[in-house]
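If you read the sequences in order, they're chains F and V. Residue 174 in my numbering is what sits at position 109 of the first sequence, and the numbering runs on without skipping anything. Residue 104 in my numbering is what sits at position 103 of the second sequence, and the numbering runs on without skipping anything.
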Amino acid sequence: MVDFFGWQMPLHYGSQIEEHHSVRQAAGMFDVSHMLPVDFNGEDSQRFLQLMLASDVEKKLNQNGRATYTVMLNENGGIIDDLIVYRLADQTYRAIFNAGTATADLEWIQSKAVSQFSVDISPRHDLNILAIQGPDALTKSSNVFGTTPPEELKPFRCIESNGFFVGRTGYTGEDGIEVLCGTEQAKLLWESLHDMGVRPCGLGARDTLRLEAGLNLNGQDMNPDISPLASALGWVVDWDPEERQFIGRQALTQERTRGLRRRLTGVVLKGGIMRSGQEVLTDSGSGVITSGSYSPTLGYSVALARVPAAATGTCKVVIRNREIEGRLVRPPFVRKGEKVHK
Amino acid sequence: MSDTPSELKYTKTHEWARLDDGTVVVGISDYAQDALGDVVFVELPVVGDDVKEGEEVAVVESVKAASDIYSPISGSISQVNELLDEQPELLNSDPYGEGWIFTISPTDSDDYEELLDSNGYDEFCSSEEHEN
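Have a look at this one:
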């Protein structure tokens, strides 16, 4: 067990590598109740999120039951948190924040909501979150719920039924769902899924799975001093329409005009294990590993690194004073269980 | 409860040692492999290197983190287990057998006798667990 921002969480339930493989090959489940859902209600909900988030919620969540991945920025364009926001109903949204930043996120949101917006902000500490992930996740979950997943539950869609909120989202690069419900329901769901052969997975497998999928971890691959443009998240930023003055827009515009100095990319390396903080020597100068580990699917080390924007090709990673050759590649490293780069 | 064979010697840094025809074979204990979790990479010592007792000579990387391996005695590295380049998981599956890491020709063979015996090592591990 490890302390994760005040939550006691298992790093693994036995073997991190076996848990990893079960998500790539069958189905695994994660208790991610440490994350904080926050509901936004009221006639200005949408207008408020248009200010707070880098994505255009009006455009990306143009129907009830849609979800999108986005970031919340500070005035300098730095990432306060990354999140998935769901549209439950007209002017009703749910965002899920990271545990480590949840308190600061709420303070920031509440400080911005005062007076100008008619929006009710409710942190949902009462909700548990279970993520069921893997190629068999939907089938196994359907067996437990006793119904096939409704047609409308496509990727990045959500539905609410009988006290369960279900989104077809996740953090592993596999198909799957994230389920929000009360504690008693969550216990029952966990036990039923376990009986169905869905393997419990800890924080360790969650980290190697998201890394193979090229998904950033807040606080590690991104932080309030670094913009989404330098975090391989330019795609979440909606520049149009120009009138939408979301927080951080001005700083991002300046950064874009000036030209990007650093970017986040992937590194693959054999002959060592990359870890965060190690130096990366490239043809365009030095960079740093932000997340590194062993990839159980590939059998060698993969990492995310922040490097000079022009860097490409081979690189050297400094591991315990030795320079080991690696290669800069575009994440993800693994897609739907298969190796992406030769 | 982890396995601690009584015919071996141990260190407080969780290496085991076995005197074998004048050389000393070194690996990590069952207790250590269990604490580390899945081992995914081993950086082996260099054959011929002279090392001192307590010196860092190898590195074992698990999925979680890197851990240093210290030489239990002073001497010269005589062999390394190259099988670990391809199968680092042998440290988990067979820590006292195929998962050996290196052998060392001791400078002074008396050094070996001064290492912990299995009872001493077990006591040390349980006292460490109480602290944690």
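By construction, the Cβ of each residue, glycine as well, lies at the ideal position given by its N, Cα and C atoms.
### Message
Taking its Cβ as the centre, do 16 or more other Cβ atoms sit within 10 Å of Trp101 of chain V, making it buried, or is it exposed?
### Response
Taking the second sequence and counting its residues from 1, one reaches residue 101 of chain V at position 100. Around the CB of Trp101 of chain V, 16 or more other CB atoms lie within 10 Å, so the residue is classed as buried.
### Message
Can you check whether the C-beta of Tyr359 of chain F is within less than 8 Å of a C-beta belonging to chain V?
### Response
As a first step, residue 359 of chain F is located in the first sequence; it is residue number 294 there, counting from the start. Taking Cβ atoms only, chain V reaches closer than 8 Å to Tyr359 of chain F, which makes this a yes.
### Query
Alpha carbon to alpha carbon, what distance is there between Cys246 of chain F and Arg152 of chain F?
As a working mapping, residue 152 of chain F is identified with position 87 in the first sequence. As a working mapping, residue 246 of chain F is identified with position 181 in the first sequence. Looking at the two C-alpha atoms, the distance is approximately 17 Å.
### Query
Hey, is the region 148–167 of chain F in contact with the region 108–126 of chain F, meaning 3+ C-beta pairs nearer than 8 Å?
yes
### Where Glu130 of chain V meets chain F, residues with beta-carbon distance less than 8 Å
On the second sequence, position 129 is the one that residue 130 of chain V refers to. Chain F residues near Glu130 of chain V: none, gap ~14 Å exceeds 8 Å.
### Query
Going along chain F, which residues have a C-beta under 9 Å from Ala67 of chain V?
Counted from its first residue, the second sequence places residue 67 of chain V at position 66. Neighbours of Ala67 of chain V on chain F, chain order: Ile338, Arg340, Ile384, Arg385.
### Message
I need the boundaries of the beta strand (DSSP E) containing Val88 of chain F, first residue and last residue.
### Response
The residue you call residue 88 of chain F lines up with position 23 of the first sequence. Taken as a continuous stretch (DSSP letters only), Val88 of chain F belongs to no beta strand (DSSP E), being part of the alpha helix (DSSP H) at 81–90.
#### Entry: Top-ranked residue by Cα proximity to Asp180 of chain V, from V:Thr104, V:Ser119, V:Gln34
The structure shown does not extend to residue 180 of chain V, since chain V is modelled only from 2 through 133, so no value can be given for it.
#### Entry: Residues of its chain near Arg340 of chain F, where Cβ-Cβ distance is below 6 Å and the 5 sequence neighbours each way are ignored
Along the first sequence, read from residue 1 onward, the residue named residue 340 of chain F stands at position 275. Cβ neighbours of Arg340 of chain F beyond the five flanking positions: Gly357.
### Task
Could you tell me which chain V residues have their CB closer than 9 Å to the CB of Thr273 of chain F, listed as they occur along the chain?
The residue given as residue 273 of chain F occupies position 208 in the first sequence. Neighbours of Thr273 of chain F on chain V, chain order: Val64.
### Message
Using DSSP's beta-bridge definition, name the partner residues of Tyr151 of chain F.
### Response
Counting from 1 along the first sequence, the entry for residue 151 of chain F is found at position 86. Under DSSP, Tyr151 of chain F forms a beta bridge with F:Ala132, F:Arg159.
### Task
Please check the pair Glu225 of chain F and Gly235 of chain F, which I expect to be a contact at CB under 8 Å, by giving their CB distance rounded to whole angstroms.
As a working mapping, residue 225 of chain F is identified with position 160 in the first sequence. As a working mapping, residue 235 of chain F is identified with position 170 in the first sequence. Contact doesn't hold; Cβ gap of about 18 Å is too wide.
### Task
Look at the alpha carbon of Val81 of chain V and the alpha carbon of Glu57 of chain V, and state the distance between them as a whole number of angstroms.
Along the second sequence, one-based indexing puts residue 81 of chain V at 80. Along the second sequence, one-based indexing puts residue 57 of chain V at 56. Put simply, the backbone Cα of Val81 of chain V is about 15 Å away from that of Glu57 of chain V.
### Query
Listed from N- to C-terminal order along the chain, which residues in the region 83–105 of chain F have their beta-carbon within a distance smaller than 9 Å of any beta-carbon of chain V?
Glu83, His85
#### Entry: Same chain, Cβ closer than 7 Å to Asp240 of chain F, five either side skipped, listed in chain order
Here residue 240 of chain F corresponds to residue number 175 of the first sequence, with the count starting at 1. Contacts found: Pro200, Ala202, Leu203.
### Query
Using the beta-carbon of each residue, which ones in chain V are nearer than 7 Å to Gln81 of chain F?
As a working note, residue 81 of chain F is residue 16 in the first sequence. Neighbours of Gln81 of chain F on chain V, chain order: Gly38, Asp39, Val64.
### Task
Could you name the residues of chain F that Val81 of chain V contacts, counting a contact when the two beta carbons are closer than 8 Å?
Numbered from 1 along the second sequence, position 80 holds the residue referred to as residue 81 of chain V. Residues of chain F passing the Cβ test: none, with the nearest at roughly 15 Å.
### Task
For Val60 of chain V, go through chain F and note every residue whose CB falls closer than 8 Å to its CB, in chain order.
As a position in the second sequence, residue 60 of chain V is number 59, starting the count at 1. In chain order: Arg385.
#### Entry: Pairwise C-alpha distance: Arg326 of chain F and Asp290 of chain F
If you number the first sequence from 1, residue 290 of chain F lands on position 225. If you number the first sequence from 1, residue 326 of chain F lands on position 261. One C-alpha to the other measures close to 14 Å.
### Task
Following the continuous alpha helix (DSSP H) through Arg314 of chain F, name the residue where it begins and the one where it ends.
Numbered from its first residue, the first sequence carries residue 314 of chain F at position 249. 314–323 is the span of the alpha helix (DSSP H), which, as asked, contains Arg314 of chain F.
### Continuous beta strand (DSSP E) assignments of at least 3 residues falling wholly in the region 262–350 of chain F
Fully enclosed beta strand (DSSP E) runs of 3 or longer: 327–334, 344–347.
### Amino acids of chain F, ordered along the chain, whose beta-carbon sits closer than 8 Å to that of Phe1 of chain V
For chain V, the structure presents residues 2 to 133; residue 1 of chain V sits outside this window and is missing.
### Query
In chain order, what residues of the same chain have a beta carbon less than 6 Å from the beta carbon of Ser87 of chain F, not counting five sequence neighbours either side?
Mapped onto the first sequence, residue 87 of chain F falls at position 22. For Ser87 of chain F, where only same-chain residues beyond five positions count, the Cβ hits under 6 Å are Gly93, Arg264.
### Query
Is Gly269 of chain F close to chain V, meaning its C-beta is less than 8 Å from at least one C-beta of that chain?
Along the first sequence, read from residue 1 onward, the residue named residue 269 of chain F stands at position 204. It does: the Cβ of Gly269 of chain F has a partner Cβ on chain V nearer than 8 Å.
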